[in-house]
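In what follows, a single structure is set out as structure tokens and then discussed.
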Amino acid sequence: MKENSSISYRQYNQLLQKLMELERQGDMELYAGDCPLESTGAVLDAEQHYTICHYMQCRSCGALYFVGACVRGAPVFRQVADIKKENLDTRLWGRCGTYYLQKKD
Numbered sequence: 000m001k002e003n004s005s006i007s008y009r010q011y012n013q014l015l016q017k018l019m020e021l022e023r024q025g026d027m028e029l030y031a032g033d034c035p036l037e038s039t040g041a042v043l044d045a046e047q048h049y050t051i052c053h054y055m056q057c058r059s060c061g062a063l064y065f066v067g068a069c070v071r072g073a074p075v076f077r078q079v080a081d082i083k084k085e086n087l088d089t090r091l092w093g094r095c096g097t098y099y100l101q102k103k104d
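Just so you know, we're using numbering that gives the first Met the number 0 here: the sequence shown kicks off at 0 and counts up by one.
This is the structure we're talking about:
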């Protein structure tokens with residue numbers, strides 16, 4: 000991934016836990032992702048995919064955030080300026096989140 004805002008795996012795990020908490024509280028939602036947030040650890044441990052990506056959306060302001068991890072590289076966290084430039088259908092191997100639920104309608 001050519002992102003410029005890498006974080007440590009310790010920070011990634013803390014961020015992932017916080018995002019799951021915010022999702023449970025209804026403050027954030029999984030907009031699009033490779034898997035549910037709760038499955039991230041198992042997916043990374045299995046090493047069936049090189050990357051795992053999630054796009055989270057704040058329910059109050061609509062801001063979007065990208066959170067990604069790579070089996071062999073540094074994790075990434077950044078705010079998304081333009082979701083159309085993210086190419087979700089090619090970047091993600093999974094199809095979880097409200098983006099994909101809305102596409103079915």
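Glycine is no exception: its CB is placed at the ideal position from the N, C-alpha and C atoms. Bear in mind that the values here come from a model prediction, so they are computed numbers and not experimental data.
Just so you know, the alpha carbons of residue 70 and residue 50 end up roughly 6 Å apart. By the CB criterion at 8 Å, residue 52 and residue 67 fall inside the cutoff. Using a 10 angstroms sphere on the CB of residue 39, the tally of other CB atoms reaches 16 or more, which defines it as buried. Residue 65 is not a Cβ neighbour of residue 14, given a cutoff of 8 Å.
Remark: fewer than three beta-carbon pairs, one from each stretch, lie closer than 8 Å, so the region 15-27 and the region 85-94 are not flagged as touching. Put simply, of 43, 95 and 9 the residue whose alpha carbon is nearest the alpha carbon of residue 55 is 95. Around the beta carbon of residue 31, 16 or more other beta carbons lie within 10 angstroms, which makes this residue buried. DSSP links residue 30 through a beta bridge to no other residue. Under the 10 Å beta carbon count, residue 11 is surrounded by 16 or more other beta carbons and is classified as buried.
Rounded to whole angstroms, the gap between the alpha carbons of residue 8 and residue 37 is 16 Å.
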